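Asks: Have a look at this one.
In this note's numbering, the protein residues as written are 247 to 547.
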């Protein structure tokens, strides 16, 4: 029995890492369609992927519908968070710069998730998890610094940067909220596909209408369609299917901390495919993230 649980946990660990790997390709993919607004990319990728998840899980949703009705509060929290997250995340990068926006959004999410589990689920957080969290977030910060070559993009005005940082914190909070809400539904016996399908499907209904304001140039070039198609089908659809599978067997705090693998993958693609350079401090950041992931693999879920 214990062996079976450990195997399930290992599969969940690998599934979340695979999801983070796919999410790490989005920055490189988006670079091939520079004319698209970040808000457009976020709305199409997460909205379209959400609708596909709901379609894939329609039978599961029908089967578990009565159970979902009994826990509608988690569903509402998840749906609203999915609708807010991509808009806050991409707006944060636009206003504060890619480096600051990414670090704040990804770096705060594990802490928010841990706090949600501690205060609402009364879950104990081990010293080992805190060490992993500090190593991982430090690694992400160093990795971002190592890739900027002391260049903060266009150096946005201070008040815009502050707004961007606040939006990054909102993105980290909503990321943790929808992951925690999905985990709660799964823990209540709701199928993972049904939980993720409903949360992302309803979230898509809020996201997609924003394209009337931000997506007027989607069909201008073929590359725009290819990029959005890839983002919707692979990182967002397949990635979140894998993430949902992982949430079945590992805690939300561990899953979110594992997604610190995402910026490492993004940096690797930028180096080997886009031709960006990485300073020694960035390589140190990569090493810290690897240590974080190795240590997390030994932390109980």
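Using N, Cα and C, we set each Cβ at its ideal position, and we do this for glycine too. These figures come from a predicted structure and were not determined experimentally.
I need the DSSP call for residue 434, collapsed to helix, strand or coil.
Replies: Three-state DSSP puts residue 434 in coil, outside helix and strand.
Asks: Are there 16 or more other CB atoms within 10 angstroms of the CB of residue 595, so buried, or fewer, so exposed?
Replies: This structure leaves residue 595 out entirely; the chain is present only between 247 and 547.
Asks: Give me, in chain order, the residues of the same chain whose beta-carbon lies closer than 7 Å to that of residue 537; leave out the 5 immediate sequence neighbours on both sides.
Replies: 381, listed in sequence order.
Asks: Given a threshold of 16 other Cβ atoms within 10 Å of its Cβ, counted over all protein chains shown, does residue 256 qualify as buried or as exposed?
Replies: Exposed is the call here.
Asks: When burial is assigned at 16 or more other CB atoms within 10 Å of the CB, is residue 475 buried or exposed?
Replies: With fewer than 16 other Cβ atoms within 10 Å, it is exposed.
Asks: Using C-beta distances below 8 Å, list every residue in its chain close to residue 480, excluding the 5 sequence neighbours before and after it, in chain order.
Replies: Around residue 480: 268 and 271.
Asks: Along the chain, where does the alpha helix (DSSP H) that runs through residue 500 open and close?
Replies: 498-504 is the extent of the alpha helix (DSSP H) around residue 500.
Asks: Check whether the region 413-427 and the region 326-344 touch, using three or more Cβ-Cβ pairs below 8 Å as the test.
Replies: Counting Cβ pairs under 8 Å, three or more are found: they touch.
Asks: To which residues of the same chain is residue 359 closer than 7 Å at the C-beta, ignoring the five residues directly before and after it?
Replies: Excluding residues within five positions, the ones whose Cβ falls inside 7 Å are 422, 425, 426, 498, 499 and 502.
Asks: Going by beta carbon distance, what residues of the same chain come within less than 8 Å of residue 467, once the five residues before and after it are set aside?
Replies: Cβ within range, chain order: 279 and 281.
Asks: Using CA coordinates, which residue listed in 456, 297, 509 and 439 is at the minimum distance from residue 346?
Replies: Here the closest residue by C-alpha is 509.
Asks: Pull up the distance between the alpha-carbon of residue 402 and that of residue 409, whole angstroms please.
Replies: Since pLDDT at residue 402 reaches only 47, below the 50 mark, its modelled position is unreliable, and the value read off the structure follows with that caveat. For residue 402 and residue 409, the distance between alpha carbons rounds to 11 Å.
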